[in-house]
Amino acid sequence: MAHWSTFEKESERETKRLIRCLSGIEDEEDQNFQLALKFAWSNFKIYEKLVVHSDLQKAESWMRLTEEFLNSPLPNTDGEKTDAHYSILSLLLCLSGSPSNTDFTERPRLKEAEPEDKFDWAKYLMEGEDADMGPYPDTPEWSEEESEDDDSQQPISREDSGIQLDRTPQEDQDNANKTVPVTWTVGEPDARAWLEQHLVTPYWASHAPRFPHSLHLHSNLLNVWDQHLYNTDPLYLPEEKAFVTETQVIRETLWLLSGVNKHFIFQQHDGKVSVRSNVVVTHLTGNCLRSVLEHIAVYGQAVFRLQRFIDEVTGHSSEPGPPGTASTYGSKKASEPPFRTYQAFVWALNKYFTSFKEELTMIERELICNDETVTLSAVLERLSPHLAQIKVLHRVFCTGVAEVPPATPNVVRASHLLNTLYKAIIEYDSVGEASEQAVALLFSLWTETVRPYLEIVDEWIVHGHLFDPAREFIIQRNKDVPVNHRDFWYATYTLYSVSETVDSEEKLNDAASGSSGGDQASGGRQLTMVSFLKPVLKQIIMAGKSMQLLKNLDCKEAEKSQRASRDAERKSLHTLFLESVQSRLCSREESPADGMTEQQSTRRSLIKMQSIMARHLEIDDVHDPLLAINFARLYLEQSDFQECFSGGDFSVDRSSQSVTCQTFELTLRSCLYPHIERRYIECCGNLMKTLTKDYRLLEYLQAMRNYFLLEAGDTMYDFYTAIFDKVQEKESWQQPSFLNVQLQEAVGQRYPEDSSRLSVFLEPIDASRKKQPVNNLEVLTLSYKVPWPVDIVISSECQKIYNQVFLLLLQIKWAKYSLDTLRFSGTNVTKKLEGATAEEVKVKERVNQQIHRMCLLRVKLMHFVNSLHNYIMTRILHSTGLEFQHQVQEAKDLDQLIKIHYRYLATIHDRCLLREKVNFYDGAVTTSLTADAISCKEGSCLIESIDKMESDFKNCHMFLVTILNKAVCRGSFPHLESLALSLMAGFEQC
Amino acid sequence: MASAANANLNAVRETMDVLLEISRLLNTGLDMESLSICVRLCEQGINPEALSAVIKELRKASESLKVQTQPPLKLISSHCIYM
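These protein sequence lines map, in sequence, to chains A and B.
Note that full-length UniProt numbering has the first sequence beginning at 1, numbered continuously upward.
Note that full-length UniProt numbering has the second sequence beginning at 1, numbered continuously upward.
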């Protein structure tokens, strides 16, 4: 403060003194004192500033105004120049923004002695006395020219309620040059004035003439309330108001709900409906009216959004919205196929709105008739069930359609929508009777929306053709797999399932796991595909695939033509479904009323169903919407439905509605699933019949058993003995030509048709397995060429397993063969050595002894091999084969057949001890034994070797017996029992 | 009694008019409604400097609020299984 001039110091001192004098505050540190000081200074400064800026007028105003203000009373403070005055001024100063730079001219303030009284007391007092004022005394005169211009140039749009928003005459003039000439003209020059007088005053125009209304106190609540506010609150500001009548409000409400876009009372901005703020009626306070209208606006917005969705899907959006919002819901370019699920949904919505609009029109007509009093609250009361339904619809629409991101594929959209509906039904269903109507509405909506899906399913399981151009069905055909490919059964279709929890898009490919893809994937996470199809999904897939396969097989011509003729009168799945639901409803209603027995009721419902069917057969087009309309009405107007369909006069049981709805899933189970089930059985039955009859599936299975499992004993005997002979002769047998010739010869004699299919080739095996001579056989691979449709069942994987069993059998056969052909030359030796020396005799005896031991060992070995052979050939292959044949007869579909076949092979594989674990013991045993037998035969009859062989055999035998006994005791392998017993017997004799 | 109250009301109304003029002169940007609220607050003893700070802060905040955008929608994804 040191640099302050003496003048400033002096003036500060003086100011402080002044404040002290004026306020009486002695303490300079007092907050109020500081406040006053600050104000004084800034006041001086503002004044000085204004003077310096030579805004003398402003400066003068400032001085005068502050003076005046400080001397005026404040609302809640007594006295003048109080702290409050100063703090208010201080606040304004703090908020002030460059006052010197703004234009300011002081406005002359009216010094009114009394506030303007808007209430027309004269009229109030004269009420009932003035008779001849005319209906519209306030209507101003219209100049002739203006009205003429307006009349001829006012366009009326279809979407428009006829209300032009806030048009000033200036705008009208501008528009007049651009707009298309009129849809209607009224000939008389003052037609507009006439219309205004007789139809409606243009309440939408700003400063519209006030309409007359009763001056009774009740119809002037607004004025009374305003007056009250004005009198009690000095800060109350009366606003500009647009007066309307309740009738106008009702009509605009009706228009809003019927989907008209332009209104006066309700305004739309970017799809949001709001209430114009200054609309009032005379008999309600503004807030009251506003709260009611805002309630309506919410529904209006729901209607608007639904309507826009309908327009977009149907493709006639009359008003092109702003880019980005326009094509969000599947309104696509013309080239893209239509998205039928949305179309069906829209169709159902549209049907609902048609009936809703009928109701609205009826109300409006009553309003026009003027026969009875229509109030806004009465209208709302009357519409309340509809409004509740609109709320439900909008909710479903929001979650099912609007919240889906734009780039989502159709399959996700469709299943999401269906799921949303399904969930909503179940959700409302659980509330019980409170939401009966909502459930009814949603159910009718659902039955409509599900129609494309059912049609796709229908087309697929009846004609074998998955027709889904918009890719909306949860199952889609992989285009790159032809029908006559062997992978057809496994890799043709893709099942989409929607999961809302996982973010990224995933594709799981499990071609190897067969067609049970759904089960595979559901293990890891919760998948929510279209839930209503879930219980029958497998049947649908099976039926569809079977049908497609069947279509591509050469069916009998007669059957084809028969099918074609039947197809004409066939009903679609959707129709069948609707009919079942109807008949179910009928029987439901009737049973509690009549108290009949279960049997009677079913019979009666059957008769009724027949009559309904007959009625429907009369209709040429099965997809007649009339049916669906009736069906939808069935829920909404139960009594109406009864008249239409059942014709009887049953007492309406209220609970019957809820019964049907509460058991929604049950309804599906009894009305939809059986049809699919029936179709599935039919399709798969046909396929199985065709495969077994025309394609000799069973014969091929038998052939596999014949050759691979050696069931054709004599044929295969010819083949393998030829090989064994060669081995015996120590000749080379591993020549494809030799092997094939042998095979052809053997097979050609008895099964000439199979000889071309069978072939043998050699496959080198790894050196590690080539330990024993018996392993040499493992290079053999038998192959059987299976023709196309049958190779779905007998795949190359199956053949591999067959081949393994075949090789094992071959090895056993060979062991048996070598033991059988084993001859000991010892006997000859003894004969030759007759009459020799004692030593020779001694040697001979030793040799004989050895030979005897060898013979014993051979017999033991033979016993062992024979029991093994018996076990496998009879106990396993034969009995399992019988079981298999039995199961094949009972197989319902191809998938089941494939599974049965696989299971059969796996069982054989297991029981032939080829499974890795068991193989370890047993393979070693057999091979070592047979190898021993071979080496025996080679005549190296050394005692040590015999000893070794005996002990080896004993060990192996014992080992095997123990293992088998253990297994049998555990009871896990009952089939092993016989083998264990026979081996045990052989062991005890040792 | 009623007329006295009425007179008082009128006086207050005039005061407010004067105040509005001052407010306009100082270019505070307050309209009648906000001005009357401010008057009530000041009468209740609110510190005018604090009040002015609050008003400025609120104006700034509402400006920046208009610029903000909506958060994006959650995603729905799909899975496929070959059969």
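C-beta atoms are modelled at their ideal positions from N, C-alpha and C, and glycine is treated no differently.
Query	Result
For Leu221(A), I'd like the list of residues in its chain whose CB is within less than 8 Å of its CB, leaving aside the five on either flank, ordered along the chain.	Thr282, His283, Leu284 and Thr285
Which residues in chain A have a C-beta closer than 7 Å to the C-beta of Ser36(B)? List them in chain order.	Leu235
Among Phe443(A), Thr690(A), Lys545(A) and Phe864(A), which one has its Cα closest to the Cα of Met984(A)?	Phe864(A)
Run the CB neighbour count on Pro169(A), radius 10 Å, all protein chains shown included, and call it buried at 16 or more, exposed below.	Model confidence at Pro169(A) stands at a pLDDT of 41, short of 50, so the residue's coordinates are unreliable and nothing is read from them.
Among the residues of its own chain, which have a CB less than 7 Å from the CB of Leu777(A), if the five just before and after it don't count?	Leu807, Leu810, Gln811 and Trp814
Following the continuous beta strand (DSSP E) through Lys730(A), name the residue where it begins and the one where it ends.	It is not in any beta strand (DSSP E) - Lys730(A) carries neither H nor E in the DSSP assignment.
Do you know how far the Cα of Gly685(A) is from the Cα of Glu763(A)?	40 Å
Could you tell me how far apart the beta carbons of Val12(B) and Pro238(A) are, in whole angstroms, since I believe they sit closer than 8 Å?	Their Cβ separation, rounded to whole angstroms, is 16 Å, which puts Val12(B) and Pro238(A) out of contact at 8 Å.
Where does Ala424(A) fall in DSSP's three states?	helix
Taking only the alpha-carbon atoms, compute the straight-line gap between Ile801(A) and Leu905(A) and give it to the nearest angstrom.	7 Å
Does the distance from the C-beta atom of Leu421(A) to that of Gly400(A) stay below 8 Å?	yes
Please report the Cβ distance between Phe69(A) and Ile22(B), rounded to the nearest whole angstrom; I am assuming they are in contact, meaning their Cβ atoms lie under 8 Å.	6 Å
Would you mind sorting Cys369(A) into buried or exposed? The rule is 16 or more other CB atoms within 10 Å of its CB.	exposed
Give the DSSP bridge partners of Gln268(A), in chain order.	Val273(A)
Would you mind listing the alpha helix (DSSP H) stretches within the segment 370 to 439 of chain A that are 4+ residues and don't spill past its ends, in chain order?	376 to 397 and 410 to 431
Tell me which same chain residues have a C-beta within less than 8 Å of the C-beta of Leu35(A), skipping the five on either side of it?	Asp83, Tyr86, Ser87 and Ser90
Look at the alpha carbon of Asn10(B) and the alpha carbon of Leu235(A), and state the distance between them as a whole number of angstroms.	11 Å
Use the C-beta contact count for Ser656(A): other C-beta atoms within 10 angstroms, 16 or more gives buried, fewer gives exposed.	Per-residue confidence for Ser656(A) stands at a pLDDT of 40, beneath the threshold of 50, marking its modelled position as unreliable; the derived number appears in the next sentence. By the neighbour-count rule (16 or more Cβ atoms within 10 Å), Ser656(A) is buried.
Per the contact definition of three or more C-beta pairs closer than 8 Å, is the segment 722 to 732 of chain A in contact with the segment 681 to 700 of chain A?	no
Quick one: what does DSSP say Ala815(A) is sitting in, helix, strand or coil?	helix
Taking just the CA atoms, how far does Lys423(A) sit from Lys56(B)?	50 Å
Are three or more beta carbon pairs between the segment 534 to 553 of chain A and the segment 670 to 677 of chain A nearer than 8 Å?	yes
Say whether chain C places a C-beta atom closer than 8 Å to the C-beta of Ser62(B).	Among the chains of the structure shown, chain C does not appear; the protein chains present are A and B.
Kindly list the residues whose CB is nearer than 8 Å to the CB of Thr781(A), restricted to its own chain and excluding five residues on each side of it in sequence; keep chain order.	Val760, Phe761, Leu762, Glu763 and Asn803
Which residue wins for smallest C-alpha separation from Val303(A), given the options Arg340(A), Asn32(A) and Asn261(A)?	Asn261(A)
Can you find a C-beta in chain B that's less than 8 Å from the C-beta of Trp41(A)?	no
Looking at C-alpha atoms only, which residue of Glu448(A), Leu666(A) and Arg911(A) is the closest neighbour of His869(A)?	Arg911(A)
Quick one: is Thr449(A) near chain B, going by C-beta distance under 8 Å?	no
Please list, in chain order, the residues of the segment 42 to 53 of chain B that have any C-beta partner in chain A closer than 7 Å.	Cys42, Glu43, Pro48, Glu49, Leu51 and Ser52
Tell me, please, which residues DSSP counts as bridged to Gln476(A).	Thr494(A)
Indicate the three-state DSSP secondary structure (helix, strand or coil) for Thr82(A) in the structure shown.	coil
In chain order, what residues of the same chain lie with their CB nearer than 6 Å to the CB of Gln154(A), ignoring the 5 residues before and after it?	Confidence at Gln154(A) is low in this model, with a pLDDT of 41, below 50, so its placement is unreliable and no value can be given for it.
Chain B partners of Phe104(A), CB-CB under 7 Å?	Arg24 and Leu25
Span of the beta strand (DSSP E) holding Thr781(A)?	Leu780 to Tyr784
Does the Cβ of Cys956(A) have 16 or more other Cβ atoms within 10 Å, making it buried, or fewer, making it exposed?	buried
Measuring alpha carbon to alpha carbon, tell me which of Val841(A), Leu360(A), Arg308(A) and Ser377(A) ends up nearest Ala402(A).	Arg308(A)
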